[in-house]
Amino acid sequence: MMLQYLLLFIIVEHYTVVIFADVDIEHAASFVRREIWNWWDYTDGVSGPAAWGFYFPICEAGRFQSPINIESRHLLFDHQLTPININNSDNVYGILRNDGRNLYIIIPFDSNSKIHISGGPLQYEYRPVEIYIRLAPPTMGDKMPRGSEHQIDNRSFHGE
Numbered sequence: 001m002m003l004q005y006l007l008l009f010i011i012v013e014h015y016t017v018v019i020f021a022d023v024d025i026e027h028a029a030s031f032v033r034r035e036i037w038n039w040w041d042y043t044d045g046v047s048g049p050a051a052w053g054f055y056f057p058i059c060e061a062g063r064f065q066s067p068i069n070i071e072s073r074h075l076l077f078d079h080q081l082t083p084i085n086i087n088n089s090d091n092v093y094g095i096l097r098n099d100g101r102n103l104y105i106i107i108p109f110d111s112n113s114k115i116h117i118s119g120g121p122l123q124y125e126y127r128p129v130e131i132y133i134r135l136a137p138p139t140m141g142d143k144m145p146r147g148s149e150h151q152i153d154n155r156s157f158h159g160e
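Using the UniProt record's numbering, you'd call the opening residue of the sequence shown number 1 and step up by one each time.
Following this line, the structure appears as structure tokens:
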């Protein structure tokens with residue numbers, strides 16, 4: 001059976017993760033290199049979207065780039081799609097990493113976790129190797145926490 005990699009965005013209001021893991025140091029160390037990308041954010045300052053094009057010109061060139069706003073009135077429902085199946089998800093073994101902004105669940109490919117995702121619009125069975133959860137920091141007042149980068153009908157969510 002051919003396994004493919006899948007990038008999956010799930011927008012959540014609340015999420016609890018329990019993980020049991022044997023830490024694979026070499027695999028986990030490969031994710032430390034990503035720290036260079038943690039300089040950017042969604043503020044109005046020098047690290048916000050208005051400045052991204054200065055550092056990476058391609059960020060100014062495109063019109064349909066992330067983050068996106070999904071407008072539900074433009075979506076079409078396909079009645080022939082089957083449900084998305086998540087198999088063998090009872091015990092997920094991996095490395096839980098919190099960098100202060102995000103949670104990462106790193107699932108080593110050779111681990112005992114045999115979780116697979118299939119069905120829906122997917123033509124293959126996929127095995128996740130990393131689950132990335134972006135959560136909103138606590139905020140003061142009535143302002144909606146913006147943990148999700150993407151929006152649905154101009155609405156941000158606590159996490160994705």
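Think of the CB as a built atom: it goes at the ideal place given N, C-alpha and C, for glycine as much as any other residue.
1. Taking the alpha carbon of Arg97 as the point to measure from, which residue in Ile133, Asp153, Gly53 has its own alpha carbon closest?
2. If you compare alpha carbons, which of Asn154, Gln123, Thr43, Ile152 is closest to Ile84?
3. Assign residue 161 to one of two classes, buried (16 or more other C-beta atoms within 10 Å of its C-beta) or exposed (fewer than that).
4. Is it true that the CB of Ile117 sits closer than 8 Å to the CB of Ile86?
5. How would you write the range of the alpha helix (DSSP H) that Glu60 sits in, first residue to last?
6. Whose C-beta lies closer than 6 Å to the C-beta of Leu103 among residues of the same chain, with five residues either side of it excluded?
7. Compare the Cα-Cα distances from Phe77 to each of Asn69, Arg155, Pro121 and report the closest residue.
8. Buried or exposed for Pro67, please, with buried defined as at least 16 other CB atoms from any protein chain shown within 10 angstroms of its CB.
9. So what does Ile84 bridge to, in DSSP terms?
10. Under the three-state reduction of DSSP, which class applies to Gly94: helix, strand or coil?
11. Closer than 7 Å by C-beta to Glu71: which residues in its own chain qualify, once you throw out the five before and the five after it? Chain order, please.
12. Using DSSP's beta-bridge definition, name the partner residues of Tyr42.
13. Using three-state DSSP, classify Tyr132 as helix, strand or coil.
14. For Gly53, which beta-bridge partners are listed by DSSP?
In this structure, then:
1. Just measuring C-alpha positions, the residue of Ile133, Asp153, Gly53 sitting nearest Arg97 is Ile133.
2. Cα-wise, what sits closest to Ile84 is Gln123.
3. The chain is shown from 1 up to 160; residue 161 falls before or after that span and cannot be answered.
4. Yes; because the gap between Cβ atoms is below 8 Å, this pair is in contact.
5. First-last of the alpha helix (DSSP H) with Glu60: 58-61.
6. Here the set comprises Ile133.
7. Nearest neighbour of Phe77 by Cα position, chosen from Asn69, Arg155, Pro121, turns out to be Pro121.
8. Pro67 should be labelled exposed.
9. DSSP, once it has assigned bridges, lists Gly119 as partnering Ile84.
10. Note: Gly94 maps to coil in three-state DSSP.
11. Asp153.
12. In DSSP, Tyr42 forms no bridge with anything.
13. Here Tyr132 sits in strand by DSSP.
14. As far as DSSP is concerned, Gly53 takes part in no beta bridge.
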